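> Sequence positions in the sequence shown follow the working numbering and run 51 to 328.
All C-beta atoms, glycine included, are put in the ideal place defined by N, C-alpha and C.
Computed from a prediction, not measured in an experiment: that's the story for all the values here.
Before I ask anything, here is the structure I am working with.
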Amino acid sequence: MRKVTGTFPTWSESIALADLWTITTITGTTLRWTSADIPITAGGYTFDTGPLIKRGNTRITSTLEVDTLNVTIETGESVSLGGIPFAHAAANGALDGATVKLERAFMQTWGTVAATVHLFEGRVAGIDPKHSEVVLQVKSLLELLNVQWPRNLYQPGCNHQLYGNGCGLSRSSYQVSGTATGGTATRINWSTGKAAGYYDQGVIVFTSGRNLGARRTIKKSDASGLDIALPLPYAPLSGESFTVAPGCDKTHTTCSSKFNNLTRYRGFPWVPPPETAR
51 MRKVTGTFPT WSESIALADL WTITTITGTT LRWTSADIPI TAGGYTFDTG PLIKRGNTRI
111 TSTLEVDTLN VTIETGESVS LGGIPFAHAA ANGALDGATV KLERAFMQTW GTVAATVHLF
171 EGRVAGIDPK HSEVVLQVKS LLELLNVQWP RNLYQPGCNH QLYGNGCGLS RSSYQVSGTA
231 TGGTATRINW STGKAAGYYD QGVIVFTSGR NLGARRTIKK SDASGLDIAL PLPYAPLSGE
291 SFTVAPGCDK THTTCSSKFN NLTRYRGFPW VPPPETAR
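What follows is the structure in structure tokens.
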């Protein structure tokens, strides 16, 4: 069943249709585009005339299948995200994990939406950026049901995801903003103000500059900077901004001394190794 918002107009030959796209990145940036040649207002939001977007078909099934929608956004040189070309931002990883929502608007008077139908919603699972277009593979939100079972394992390390519901910690309480003072594709120079190792296994996300949207795991940190696991598209320039949050190695000691969160620890550090278990 598809969700309908509003009231369908009386069916006539003059009815008009338009696609409404909502793309939300993991950093909170939201893009709203329509296939119409004028801005469309629906559900309290304005959908601007964006780039040409081609898509595959959507369908309804009675089973729990993970559908995939292929979306091609013809960006050219005029479409940007955060001030840099859209294809460039997509290549950086700005669309990794983004949610894509597709609605169909029904209008009897062009530009005045009478009703919308929710056609598809999912997360970006694959990105193929090219010079003048970006091809997205979007999988439906049913993919979230593909989880390990049983969920909790008896293991020394904590089962909880850092900053998740089970962990209970707020990412915003630990995340800080920083400004690079230079570096290389695998090293960001920045005065961390923390002891060596504090940001190990954490995540850095660039919020400006040529690396906008690039998200990397921190391999090693010290007082003068961060070493990342995978190279950036470009060496960071002085003045480029980012956010960074510390990581967790899932050990009993780190949970207690670094995060003071031992009451939420979901590991079993005294489980004997398989070689010695009887």
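(1) Could you check whether the stretch 135 to 155 touches the stretch 207 to 225, counting it as contact only if at least three pairs of C-beta atoms, one from each stretch, sit closer than 8 Å?
(2) Between which two residues does the beta strand (DSSP E) harbouring His210 extend?
(3) Please specify which runs of the alpha helix (DSSP H), each continuous and at least 4 residues long, are wholly inside the stretch 213 to 250, giving them in chain order.
(4) Measure the Cβ-Cβ separation of Ile43 and Leu145 and say whether it is below 8 Å.
(5) Could you name the residues of the same chain whose beta carbon sits closer than 8 Å to that of Leu67, not counting the 5 residues immediately before and after it, in chain order?
(6) Check each candidate in Gln251, Gly207, Pro283 and Leu276 and name the one with the smallest Cα separation from Lys320.
(7) Buried or exposed: Ala279, going by 16 or more other Cβ atoms within 10 Å of its Cβ?
(8) What are the start and end residues of the alpha helix (DSSP H) that includes Phe292?
(9) Looking at Thr229: is its Cβ nearer than 8 Å to the Cβ of Ser291?
(10) Check whether the Cβ atoms of Gly263 and Gly297 lie closer than 8 Å to each other.
(11) Beta-carbon within less than 8 Å of Val184's beta-carbon, same chain only, minus the 5 sequence neighbours each way: which residues are those?
(12) State yes or no: is the C-beta of Thr77 within less than 8 Å of the C-beta of Thr149?
(13) Using a 10 Å radius around the Cβ and a threshold of 16 neighbouring Cβ atoms, would you call Asn261 buried or exposed?
(14) With DSSP as the reference, label Ser306 as helix, strand or coil.
(15) Please return the same chain residues whose Cβ sits closer than 8 Å to the Cβ of Arg105, not counting the five positions on each side in sequence.
(16) Buried or exposed, going by whether 16 or more other CB atoms sit within 10 Å of the CB of Tyr95?
(17) Just list the alpha helix (DSSP H) runs in the stretch 76 to 158, keeping only unbroken ones of 4 residues or longer that don't cross its boundaries, in chain order.
(18) Specify, as a first and last residue, the run of the beta strand (DSSP E) that Asp272 falls within.
(19) Do you know how far the Cα of Val174 is from the Cα of Tyr249?
(20) Using the Cα positions of Val54 and Val116, report the straight-line distance between them to the nearest angstrom.
(21) Could you give the first and the last residue of the continuous beta strand (DSSP E) run that contains Pro179?
(22) Could you tell me whether the Cβ atoms of Leu114 and Leu195 are closer together than 8 Å?
(23) Just how far apart, CA to CA, sit Val294 and Ser227?
(24) Does Pro286 pass the burial test, meaning 16 or more other C-beta atoms within 10 Å, or should it be called exposed?
(25) Residues in its own chain within less than 6 Å of Gly232 by CB, not counting five upstream and five downstream?
(26) Do Arg316 and Gly243 have their beta-carbon atoms positioned less than 8 Å apart in this structure?
(27) Within this structure, are the beta carbons of Thr108 and Thr84 separated by less than 8 Å?
(28) Quick check: what's the CA-CA separation for Ser258 versus Leu131?
Looking at the coordinates:
(1) no
(2) Looking up residue 210 in the sequence shown gives position 160. Neither: His210 is in no beta strand (DSSP E) and is coded neither H nor E.
(3) 221 to 224
(4) With the chain covering only 51 through 328, there is no way to say anything about residue 43.
(5) As a first step, residue 67 is located in the sequence shown; it is residue number 17 there, counting from the start. Correct list, in chain order: Arg154, Ala155, Phe156 and Met157.
(6) For the purposes of this step, residue 320 is identified with residue 270 of the sequence shown, where counting begins at 1. According to the sequence displayed, residue 320 carries Trp and not Lys. When only C-alpha atoms are compared, the closest one is Gly207.
(7) Residue mapping note: residue 279 aligns to position 229 of the sequence shown, counting from 1. With fewer than 16 Cβ atoms within 10 Å of its Cβ, Ala279 is classed as exposed.
(8) By 1-based counting over the sequence shown, the position of residue 292 is 242. Phe292 -> not in any alpha helix (DSSP H); beta strand (DSSP E) instead, spanning Ser291 to Ala295.
(9) Numbered from 1 along the sequence shown, position 179 holds the residue referred to as residue 229. Numbered from 1 along the sequence shown, position 241 holds the residue referred to as residue 291. Cβ atoms of Thr229 and Ser291: closer than 8 Å.
(10) The sequence position of residue 263 within the sequence shown is 213, counting from 1. The sequence position of residue 297 within the sequence shown is 247, counting from 1. Not closer than 8 Å, so no.
(11) Translated into the one-based positions of the sequence shown, residue 184 becomes position 134. If we look at Val184 and ignore the five residues flanking it on each side, its Cβ neighbours are Thr122, Ile123, Thr125, Phe136, Ala137, Ala140, Leu145, Ile177 and Asp178.
(12) As a first step, residue 77 is located in the sequence shown; it is residue number 27 there, counting from the start. As a first step, residue 149 is located in the sequence shown; it is residue number 99 there, counting from the start. The answer is no: Cβ separation not under 8 Å.
(13) Here the question's residue 261 lines up with position 211 in the sequence shown. Burial call: buried.
(14) For this step, residue 306 is matched to residue 256 along the sequence shown. Three-state result, Ser306: helix.
(15) Locating residue 105 in the sequence shown gives position 55, where the first residue counts as 1. Correct list, in chain order: Asp69, Leu119, Asn120, Val121, Thr122 and Leu152.
(16) Locating residue 95 in the sequence shown gives position 45, where the first residue counts as 1. Exposed, because fewer than 16 other Cβ atoms sit within 10 Å of the Cβ of Tyr95.
(17) 136 to 142
(18) Walking along the sequence shown from the start, residue 272 turns up at place 222. Unbroken beta strand (DSSP E) run through Asp272: Arg265 to Asp272.
(19) For the purposes of this step, residue 249 is identified with residue 199 of the sequence shown, where counting begins at 1. For the purposes of this step, residue 174 is identified with residue 124 of the sequence shown, where counting begins at 1. Cα to Cα, Tyr249 sits roughly 27 Å from Val174.
(20) Residue 54 sits at position 4 when you count from the first residue of the sequence shown. Residue 116 sits at position 66 when you count from the first residue of the sequence shown. Taking the straight line from one Cα to the other gives about 22 Å.
(21) As a working mapping, residue 179 is identified with position 129 in the sequence shown. Pro179 -> beta strand (DSSP E) spans Thr162 to Pro179.
(22) As a position in the sequence shown, residue 114 is number 64, starting the count at 1. As a position in the sequence shown, residue 195 is number 145, starting the count at 1. Cβ atoms of Leu114 and Leu195: closer than 8 Å.
(23) The residue you call residue 294 lines up with position 244 of the sequence shown. The residue you call residue 227 lines up with position 177 of the sequence shown. About 6 Å.
(24) The residue labelled residue 286 in the question sits at position 236 within the sequence shown. Flag for Pro286 reads buried.
(25) Numbered from 1 along the sequence shown, position 182 holds the residue referred to as residue 232. Cβ neighbours of Gly232 beyond the five flanking positions: Asn239 and Ser288.
(26) By 1-based counting over the sequence shown, the position of residue 243 is 193. By 1-based counting over the sequence shown, the position of residue 316 is 266. Cβ distance not < 8 Å, so Gly243 and Arg316 don't count as in contact.
(27) To locate residue 108, count along the sequence shown from 1; it is residue 58. To locate residue 84, count along the sequence shown from 1; it is residue 34. No, the Cβ-Cβ distance between Thr108 and Thr84 is not below 8 Å.
(28) Residue mapping note: residue 258 aligns to position 208 of the sequence shown, counting from 1. Residue mapping note: residue 131 aligns to position 81 of the sequence shown, counting from 1. If you take the alpha carbons of Ser258 and Leu131, they lie about 10 Å apart.
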